[in-house]
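Numbering (the numbering used here), first residue to last: -7 to 185.
From the three backbone atoms N, C-alpha and C, an ideal C-beta is built for every residue, glycine too.
Fair warning: this is a prediction, and the values are worked out from it, not measured in the lab.
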């Protein structure tokens, strides 16, 4: 699927996001990708068509509890790390609560490592849910530079909880080098163009 044709991407995902008589299990949509890949944009588009999903986002949790990085609280990496740890616990507890209620859930998270994806997939499937993993993939140096440009544009705009953290080129390059692409995990690949 091509990310540049966003309407088509959502159209192609729609059948995967619906419960059917043949498969009435709750659906857990896991969005996976680097910063700037479009996880939040995809999530919002999915919610517009499937409002029965509940979105969980670490960025949104931090924003609702503490505000915007560098604006509402000091741009201190140690403080941000503490808020991330707190938000991760809230994220997990909310996910487990929604699973117990049999709800459809949208997990907005980088899912940068296979181990992280397996943990959340195991939780979902253990509670009887069906997982849809969508990988927003940027390919090669050109894709990497496009993501970096997006990060730069969002840092020039209005800061929201979803784009609050300032990411340096060095940090971005580290994310790029360390990201474990899902392969053979039943992933739906959406190419970021």
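Would you identify the three-state DSSP class for residue -6, choosing helix, strand or coil? Reliability fails at residue -6, whose pLDDT of 43 lies under 50, so the model's placement of it is uncertain and the value that follows must be treated cautiously. Strand at residue -6.
Quick one: give me the first and last residue of the beta strand (DSSP E) that residue 122 is part of. In this chain, the beta strand (DSSP E) harbouring residue 122 covers 122 to 129.
Could you check whether residue 91 and residue 71 sit closer than 9 Å to each other, using their CB atoms as the reference points? Against a cut-off of 9 Å, the Cβ pair of residue 91 and residue 71 comes out as no contact.
Ordered list of alpha helix (DSSP H) runs contained in the region 68 to 148, each at least 4 residues: Listed in chain order, the complete alpha helix (DSSP H) runs (minimum 4 residues) inside the region 68 to 148 are 69 to 92, 106 to 118 and 132 to 148.
Over what stretch of residues does the beta strand (DSSP E) that includes residue 48 continue unbroken? That run of the beta strand (DSSP E) goes 46 to 49.
Among 56, 184 and 64, whose alpha-carbon lies nearest the alpha-carbon of residue 78? Comparing Cα-Cα distances from residue 78 to each of 56, 184 and 64, the minimum goes to 56.
Using CA atoms only, rank isn't needed, just tell me which of 50, 128 and 51 is closest to residue -2. Considering only alpha carbons, the answer is 128.
Taking all protein chains shown into account, do 16 or more other C-beta atoms lie within 10 angstroms of the C-beta of residue 85, making it buried, or fewer, making it exposed? With fewer than 16 other Cβ atoms within 10 Å, it is exposed.
Burial state of residue 11, where buried means 16 or more other Cβ atoms lie within 10 Å: With fewer than 16 other Cβ atoms inside 10 Å of its own Cβ, residue 11 counts as exposed.
Contact the region 98 to 108 vs the region 12 to 29: 3+ CB pairs below 8 Å: Output reads yes: the region 12 to 29 touches the region 98 to 108.
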